[in-house]
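Numbering of the sequence shown is given in my numbering, commencing with residue 120 and proceeding in unit increments. Data block below; observations after.
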Amino acid sequence: MDLNYLKRLLKIFDDSTLSELSIEEEGIKVQLARTSQQPQPVQVVTQVPVQASQVQAAPLQQPASAPPEQKSAPAEADHSANTVFSPIVGTFYRSPAPDADPFVVVGQRVAVGDTLCIIEAMKLMNEIESNLAGTIIKILVDNSQPVEYNQPLFIIKPD
Numbered sequence: 120m121d122l123n124y125l126k127r128l129l130k131i132f133d134d135s136t137l138s139e140l141s142i143e144e145e146g147i148k149v150q151l152a153r154t155s156q157q158p159q160p161v162q163v164v165t166q167v168p169v170q171a172s173q174v175q176a177a178p179l180q181q182p183a184s185a186p187p188e189q190k191s192a193p194a195e196a197d198h199s200a201n202t203v204f205s206p207i208v209g210t211f212y213r214s215p216a217p218d219a220d221p222f223v224v225v226g227q228r229v230a231v232g233d234t235l236c237i238i239e240a241m242k243l244m245n246e247i248e249s250n251l252a253g254t255i256i257k258i259l260v261d262n263s264q265p266v267e268y269n270q271p272l273f274i275i276k277p278d
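Spelled out as structure tokens, the structure:
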């Protein structure tokens, strides 16, 4: 193996995209390996703490064509003492099992702590209890219907 042969090998290796080359000839072994001279890219992530005073919600604007008194919730669904609201997001069930009687029906009297329904959230069954004594006037949600947080569920006429 002569010097010109080695120089040509080095030139070919430099011009190629090979990372390693090994040649053995006449009992002489030549190994070439490429080491990275370029710095590896580093991703820098910085977080800036957000203060509550910096974040403000944009005011909600109604479309010009919508009447100003239009509401998405029923008129009975105000936050008065006789409306029971969903405390969580989930699926509303009127009874403990598909073939069982509902917990409450319209016209039924309930006491504080009586179970009104179940809301399933993430495979957990959450019993929703009455927060006042009275008579069920209206059930605002159908069985197996998805409900949102703070959605009205029942209207109860207090005793």
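Backbone N, C-alpha and C fix where the C-beta goes; we use that ideal spot for every residue, glycine too.
Where the beta strand (DSSP E) containing residue i begins and where it ends
{"i": "N245", "result": "L243 to E248"}
{"i": "L151", "result": "I147 to A152"}
{"i": "L140", "result": "E139 to E144"}
{"i": "Y124", "result": "No beta strand (DSSP E) contains Y124, which is instead part of the alpha helix (DSSP H) from L122 to D134."}
{"i": "G226", "result": "Taken as a continuous stretch (DSSP letters only), G226 belongs to no beta strand (DSSP E), as it is neither H nor E."}
{"i": "P271", "result": "P271 to P277"}
{"i": "I255", "result": "G253 to I258"}
{"i": "Y268", "result": "Careful: Y268 lies outside any beta strand (DSSP E) and carries neither H nor E."}
{"i": "V203", "result": "T202 to F204"}
Span of the alpha helix (DSSP H), counted from its first residue to its last, around residue i
{"i": "F222", "result": "F222 -> no alpha helix (DSSP H), and no H or E assigned at all."}
{"i": "I238", "result": "Looking at the DSSP string, I238 is not in any alpha helix (DSSP H); the run it does join, the beta strand (DSSP E), is T234 to A240."}
CA nearest to the CA of residue i, picked from the options
{"i": "A152", "options": "T136, E144, Y268 and E145", "result": "T136"}
{"i": "T210", "options": "I238, L129 and I131", "result": "I238"}
{"i": "V231", "options": "L251, I256 and L129", "result": "L251"}
{"i": "I207", "options": "D121, I275, Q270 and D134", "result": "Q270"}
Residue i, buried or exposed, once every other Cβ within 10 Å from all chains shown has been counted against 16
{"i": "L235", "result": "buried"}
{"i": "S138", "result": "exposed"}
{"i": "L272", "result": "buried"}
{"i": "Y268", "result": "exposed"}
{"i": "I258", "result": "buried"}
{"i": "R213", "result": "buried"}
{"i": "I142", "result": "exposed"}
{"i": "S172", "result": "At S172 the pLDDT is 45, less than 50, meaning the model places this residue with poor confidence; the figure from the coordinates comes in the next sentence. Burial call: exposed."}
{"i": "I247", "result": "buried"}
{"i": "T154", "result": "exposed"}
{"i": "V229", "result": "buried"}
{"i": "I274", "result": "buried"}
Across the segment 240-250 and the segment 260-270, are there enough close Cβ pairs to call them in contact, namely three or more that are closer than 8 Å?
no
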